[in-house]
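What follows is a set of notes on a single structure, which appears directly below.
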């Protein structure tokens with residue numbers, strides 16, 4: 317198997333499993349561990365994976381988030397359930413902000429169900445999904461394009477957001493610890509903060525596996541959000557922190573509200 321084909325196969329395994337072992341890969345592809353090390357080094361250099369002891373992962377870390385192309389293929393049922401819960405907060409005629417991310421992309425596609433709407437986004441997947449719909453007034457934010465996040469960031473995006481207002485902003489995050497929300501990329505944090513500032517109401521979308529995690533940059537405090545939506549109930553530690561702060565959590569899997 318050629319190197320490029322092998323590396324693509326490694327990425328396919330990571331999409332399915334989230335994490336792979338060095339020995340497992342060497343046996344699967346009948347190559348040396350050193351060859352797999354070189355493959356993983358190259359994939360990590362492109363920002364596609366994160367090497368860990370004895371293998372590699374595409375799960376987020378304090379300074380790592382996997383490429384959008386792989387995240388969008390994971391947990392489709394989970395994202396659909398969360399999008400359904402988020403959609404209940406949207407009414408025809410609203411102006412809605414959608415941030416970057418694969419979860420937000422699924423929600424963005426569903427917004428046609430609530431048209432007419434004005435949608436403001438830096439998410440290229442949402443732009444592509446809505447650009448030809450006559451019931452949607454699409455405001456696409458410019459800036460510097462990030463293939464990793466499939467979205468636009470930087471001073472142009474932030475300046476545009478400063479001049480806009482929305483009825484609700486949907487913000488996703490890869491890490492929540494205690495009563496704080498985090499992200500690993502500073503430019504993404506700045507864009508998300510600008511969207512939060514421009515939204516009359518704010519909704520946080522976060523997978524239950526992302527609770528009890530931190531990342532390099534603090535994004536916000538949980539009490540800055542009017543709504544918090546997840547797919548399943550997180551750990552008892554996370555639930556206790558939310559309950560102690562008087563915050564309400566919507567669990568999309570069963571459409572229940574915990575407070």
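In this note's numbering, the protein residues as written are 317 to 575. All residues carry an ideal CB built from backbone N, CA and C; glycine is no exception.
Between the C-alpha atoms of residue 375 and residue 367 there is a straight-line separation of about 10 Å. By the criterion of a C-beta distance shorter than 7 Å, residue 478 is surrounded in its chain by 510, once the five residues flanking it on both sides are discounted.
As computed with DSSP, residue 467 is found in a beta bridge with 439 and 462. Contact between residue 505 and residue 535 holds: CB atoms are separated by about 5 Å, below the 8 Å threshold.
Burial is judged here by how many other beta carbons sit within 10 angstroms of a residue's own beta carbon; residue 471 has fewer than 16 and is exposed.
Contact check for residue 340 and residue 373: beta-carbon distance about 13 Å, past the 8 Å limit, so the pair fails to qualify. Its chain contains 367 and 372 as the residues whose beta carbon lies nearer than 6 Å to that of residue 356, once the 5 sequence neighbours on both sides are disregarded; these appear in chain order. Secondary structure note for residue 414: its beta strand (DSSP E) is the uninterrupted segment 411 to 414.
Runs of the beta strand (DSSP E) lying entirely within the stretch 351 to 381, each at least 3 residues long, are 366 to 368 and 371 to 373 in chain order. Going by beta carbons, residue 455 and residue 439 fall outside the 7 Å limit.
Here the alpha carbons of residue 321 and residue 349 stand approximately 17 Å from one another.
Here the stretch 527 to 547 makes no contact with the stretch 423 to 431; the two share fewer than three CB pairs at distances below 8 Å.
If you look at residue 488, you'll find it isn't in any alpha helix (DSSP H); it sits in the beta strand (DSSP E) that goes 482 to 488.
Each residue's CA atom was taken as its position, placing residue 494 and residue 542 some 17 Å apart. Judged by their CB atoms, residue 524 and residue 502 are not nearer to each other than the 7 Å cut-off.
Here residue 401 has 545, 566, 568 and 571 as same chain residues with Cβ atoms under 8 Å from its own Cβ, once five neighbours each way along the sequence are excluded. It is roughly 53 Å from the alpha-carbon of residue 481 to the alpha-carbon of residue 317. Judged by DSSP in its simplified three-state form, residue 551 adopts coil rather than helix or strand. Inter-residue distance for residue 411 and residue 354 is about 48 Å (C-alpha atoms, whole angstroms).
Distance between residue 332 and residue 549, taken at the CA atoms: about 23 Å.
It is roughly 21 Å from the alpha-carbon of residue 540 to the alpha-carbon of residue 551. Per DSSP, reduced to three states, the secondary structure at residue 337 is strand. Nearest to residue 497 by alpha-carbon distance, out of 519, 476 and 484, is 519. In the DSSP annotation of this structure, residue 495 is not part of any alpha helix (DSSP H), being labelled neither H nor E. The alpha-carbon separation between residue 327 and residue 404 amounts to approximately 35 Å.
Taking a 10 Å sphere around the C-beta of residue 393, we find fewer than 16 other C-beta atoms and assign the residue as exposed.
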